[in-house]
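Colleague: FYI, the UniProt record's numbering numbers position 20 of the sequence shown as 20, with every residue one higher than the one before it.
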Amino acid sequence: MTVFLVIIVLALLAVTGWQISKIFQLSRRPDEDTSQVANDKDNKLHGFLMLAFVIFLYAITIFCFWEYGRFYLPEAASEHGSEYDTLMFVSIALIMFVQIITQGLLHYFAFKYKGEKGKKALFYADNDKLEFIWTIIPVITLAGLIIYGLFTWSDIMNVDIEEDPMIVEIYAYQFAWRARYAGDDNTLGKANVRFIEGVNQLGVDESDSYGDDDKIVTELHLPVDRPVLFKFRSQDVLHSAYFPFFRAQMNVVPGMITQFGFTPTITSEEMRQSEYMVDKVKSVNAERRERNEALRAEGEPTLDEYEFEYFLLCNKICGQAHYNMQMKIVVESEEDFNAWLDEQQTFGALMASQSENVDRPEDTAGDGDSDTPAETREDMEEDENTEEPQESEAVAVVEKNN
Ligand SMILES: [Cu+2]
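1) Using the rule of at least 16 other Cβ atoms within 10 Å of the residue's Cβ for burial, across every protein chain shown, is residue 223 buried or exposed?
2) Just to confirm the assignment, what range does the alpha helix (DSSP H) spanning residue 138 have?
3) Give a yes or no on contact between the stretch 253 to 265 and the stretch 78 to 92, applying the rule of three or more CB pairs nearer than 8 angstroms.
4) Can you determine whether any heavy atom of ligand 1 sits closer than 7 angstroms to the C-beta of residue 318, and answer yes or no?
5) What are the start and end residues of each continuous alpha helix (DSSP H) run of 4 or more residues lying completely inside the stretch 36 to 86, in chain order?
6) Apply the 10 Å Cβ neighbour rule to residue 203 and answer buried if 16 or more other Cβ atoms are within range, or exposed otherwise.
7) How big is the Cα-Cα spacing for residue 112 and residue 313?
8) Is it right to say residue 134 is buried, meaning 16 or more other beta carbons lie within 10 angstroms of its own, or is it exposed?
9) Based on the DSSP secondary-structure assignment, which residues constitute the bridge partners of residue 240?
10) Would you call the stretch 337 to 351 in contact with the stretch 210 to 217, where contact means no fewer than 3 C-beta pairs closer than 8 angstroms?
11) Just the C-alpha distance for residue 278 and residue 82, rounded to the nearest angstrom, thanks.
12) Within a Cβ cutoff of 8 angstroms, which residues of the same chain sit near residue 368, ignoring the five residues on either side of it in sequence?
13) Mind checking which residues open and close the alpha helix (DSSP H) that includes residue 291?
14) When you compare each of 240, 88, 352 and 47 to residue 114 by their alpha carbons, which one comes out closest?
15) Hey, quick one: how far does the alpha helix (DSSP H) through residue 13 stretch, first residue to last?
16) Let me make sure I understand the geometry here. Which of 257, 87, 281 and 294 has the alpha-carbon closest to that of residue 156?
17) Using the DSSP secondary-structure output, state which residues sit across from residue 446 in a beta bridge.
18) Taking DSSP as the reference, what is the three-state secondary structure of residue 102?
19) When the Cα atoms are used, what is the spatial distance from residue 363 to residue 190?
20) Between 64, 123 and 269, which lies nearest to residue 331 when the distance is taken from Cα to Cα?
21) Cα separation between residue 172 and residue 356?
22) Name the DSSP beta bridge partners of residue 332, please?
23) Taking DSSP as the reference, what is the three-state secondary structure of residue 350?
24) Under 7 angstroms: does the beta carbon of residue 64 sit that close to some heavy atom of ligand 1?
25) From this set, 193, 196 and 165, which residue's C-alpha is nearest residue 184's C-alpha?
26) Helix, strand or coil for residue 229? Go by DSSP, reduced to three states.
27) Could you give the C-beta distance for residue 174 and residue 237, rounded to a whole number, given that I count them as a contact under 8 angstroms?
28) Rounding to the nearest angstrom, what Cα-Cα distance links residue 378 and residue 187 in this structure?
29) Give the DSSP bridge partners of residue 310, in chain order.
30) Specify, as a first and last residue, the run of the beta strand (DSSP E) that residue 196 falls within.
31) Could you check whether the Cβ of residue 250 sits closer than 7 angstroms to any heavy atom belonging to ligand 1?
32) When the Cα atoms are used, what is the spatial distance from residue 284 to residue 10?
33) In the structure shown, what three-state DSSP assignment does residue 266 receive?
34) If distances are taken between C-alpha atoms only, which option among 176, 255 and 280 comes closest to residue 327?
35) Specify the secondary structure class of residue 370 as computed by DSSP and reduced to three states.
Listed below in structure tokens is the structure:
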């Protein structure tokens, strides 16, 4: 019944609308132009609108640079970073220069040559010289940009092994990072997700003696001015290791090892003292203090004071807690770095402590590692009897079970 009434009301509304439109038609002045063809007045209006639109476009561009320019990253904290920034700047500057001129001309011509009664367009077939000019200039410019980009790319991506870079493994899993230092031999022990068990979170192969002096940590420390070669490995899904301050990013792919090398040039402390960071920290803390007042009024826990740290972030949406997948990076002097690294436990010592704990079953504290997903550990235990595991197969097992 209700449906029927609604249909009747809608039908009556439609009839009313139709009748009203008829009244409007009848009440029109007889001399009014009812033609669908644009007249001079329409063309003039649209010509001005075209001009107004391009002015709006330029105004909003200038506003965005003015208002949001502060969100640009500060000076790059790695050796290749300045090369990268220069390439970015040159490309953007060139594109913007051409864009501003061509967009402006497009709208200006639409305004200048707007339709007018009696005006006729000129028939102009072609002009070889003009066509040659507007083809050859973009070709040369683009070729230059591409060649410049390729040289920069190969410069950044090719790691010079002669420079003896420090080898560090970056291991990703849902939803955290681990770093593994290669130890005194600067060679990482072999690893495979099938070996993940107990405290062996990264699946380091115990039978490979290169792994004994490896050190697994939850915070990445880097000595300033020393080349580092990162080897990336993922336990589960695609992640992306993103080091914004060092202008570096590399996909972390299950079943394969990817790599990226860079040399950090600015220590965490130096970055903290830089003018850019002092201002930034000040403004973040001013905002936090303001928010804290509101939070206190609501009886909610307040926010801590912000202090700058470098971070490694995940830049691939890899699951629910992706947004929080980060690892602190500390860039420090060689001495500080060595002192910190000396304090870290080696993989060999870690495994020895685990077997001691197994001998004394009453304190199996080593297994309480909450960071390794429990289901993954169980999967690994099931697959233990397979010899010579293939990494890709092992990954498939983990993925299937996730
Ligand atoms: Cu991730």
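Ideal Cβ placement from N, Cα and C applies to all residues, glycine included.
Modeller: For this structure:
1) For the purposes of this step, residue 223 is taken as the residue at position 223 of the sequence shown. With a 10 Å radius around the Cβ and a threshold of 16 neighbouring Cβ atoms, residue 223 comes out buried.
2) As a working note, residue 138 is residue 138 in the sequence shown. Element bounds for residue 138: 128 to 157.
3) They touch, by the three-pair rule.
4) As a first step, residue 318 must be located in the sequence shown, where it is residue number 318. Using a cutoff of 7 angstroms, the CB of residue 318 counts as near ligand 1, since one of the ligand's heavy atoms is closer than that.
5) Here the runs fully enclosed are 40 to 68.
6) Reading the sequence shown from its first residue, position 203 is the one you call residue 203. Result: buried.
7) Numbered from 1 along the sequence shown, position 112 holds the residue referred to as residue 112. Numbered from 1 along the sequence shown, position 313 holds the residue referred to as residue 313. Distance between the alpha carbons of residue 112 and residue 313: 51 angstroms.
8) The residue given as residue 134 occupies position 134 in the sequence shown. So residue 134 counts as exposed.
9) Working through the sequence shown from its first residue, we reach residue 240 at position 240. Under DSSP, residue 240 forms a beta bridge with 251.
10) Yes, they touch.
11) The sequence position of residue 278 within the sequence shown is 278, counting from 1. The sequence position of residue 82 within the sequence shown is 82, counting from 1. Per the coordinates, the alpha-carbon of residue 278 lies some 21 angstroms from the alpha-carbon of residue 82.
12) Here residue 368 refers to the residue found at position 368 when the sequence shown is read from its first residue. For residue 368, the pLDDT reaches just 39, beneath the cut-off of 50, and the residue's location in the model is therefore unreliable, leaving the point undetermined.
13) Residue 291 sits at position 291 when you count from the first residue of the sequence shown. That run of the alpha helix (DSSP H) goes 275 to 297.
14) In the sequence shown, the residue the question calls residue 114 occupies position 114. Considering only alpha carbons, the answer is 47.
15) Residue 13 sits at position 13 when you count from the first residue of the sequence shown. It spans 2 to 26 - the alpha helix (DSSP H) in which residue 13 sits, taken as one unbroken run.
16) Counted from its first residue, the sequence shown places residue 156 at position 156. If we check each option's Cα against that of residue 156, 87 comes out closest.
17) Residue 446 lies beyond the range of the chain shown here (1 to 402); nothing can be said about it.
18) Taking the first residue of the sequence shown as position 1, residue 102 is located at position 102. It is helical.
19) Here residue 363 is taken as the residue at index 363 of the sequence shown, counted from 1. Here residue 190 is taken as the residue at index 190 of the sequence shown, counted from 1. Annotation note: pLDDT 43 at residue 363 (below 50); position unreliable, no value reported.
20) Taking the first residue of the sequence shown as 1, we reach residue 331 at position 331. Nearest of 64, 123 and 269 to residue 331, Cα basis: 269.
21) As a first step, residue 172 is located in the sequence shown; it is residue number 172 there, counting from the start. As a first step, residue 356 is located in the sequence shown; it is residue number 356 there, counting from the start. Residue 172 and residue 356 have their C-alpha atoms some 28 angstroms from each other.
22) The residue you call residue 332 lines up with position 332 of the sequence shown. DSSP lists 223 as partners of residue 332.
23) Residue 350 sits at position 350 when you count from the first residue of the sequence shown. In this structure, residue 350 counts as helix in the three-state DSSP scheme.
24) In the sequence shown, the residue the question calls residue 64 occupies position 64. Not under cutoff, so the answer is no.
25) In the sequence shown, the residue the question calls residue 184 occupies position 184. When each option's Cα is compared against that of residue 184, the closest is 165.
26) For the purposes of this step, residue 229 is identified with residue 229 of the sequence shown, where counting begins at 1. Taken through DSSP and simplified to helix, strand or coil, residue 229 comes out as strand.
27) Stepping through the sequence shown from its first residue, residue 174 is reached at position 174. Stepping through the sequence shown from its first residue, residue 237 is reached at position 237. That belief holds up - the Cβ atoms of residue 174 and residue 237 are roughly 7 angstroms apart, short of 8 angstroms.
28) Counting from one through the sequence shown, the residue named residue 378 turns up at place 378. Counting from one through the sequence shown, the residue named residue 187 turns up at place 187. Annotation note: pLDDT 41 at residue 378 (below 50); position unreliable, coordinate value reported separately. Taking the straight line from one Cα to the other gives about 29 angstroms.
29) The count along the sequence shown starts at 1 and reaches residue 310 at position 310. Partner(s): 329.
30) Mapped onto the sequence shown, residue 196 falls at position 196. From DSSP, residue 196 is part of no beta strand (DSSP E); its letter is neither H nor E.
31) Taking the first residue of the sequence shown as 1, we reach residue 250 at position 250. Distance from the C-beta of residue 250 to the nearest heavy atom of ligand 1 is not below 7 angstroms.
32) Taking the first residue of the sequence shown as position 1, residue 284 is located at position 284. Taking the first residue of the sequence shown as position 1, residue 10 is located at position 10. Looking at the two C-alpha atoms, the distance is approximately 55 angstroms.
33) Reading the sequence shown from its first residue, position 266 is the one you call residue 266. Coil, per DSSP.
34) Mapped onto the sequence shown, residue 327 falls at position 327. For residue 327, the closest alpha carbon among the candidates 176, 255 and 280 is that of 176.
35) In the sequence shown, the residue the question calls residue 370 occupies position 370. Because the pLDDT at residue 370 is just 42, under 50, the model does not fix this residue reliably, and the point stays unresolved.
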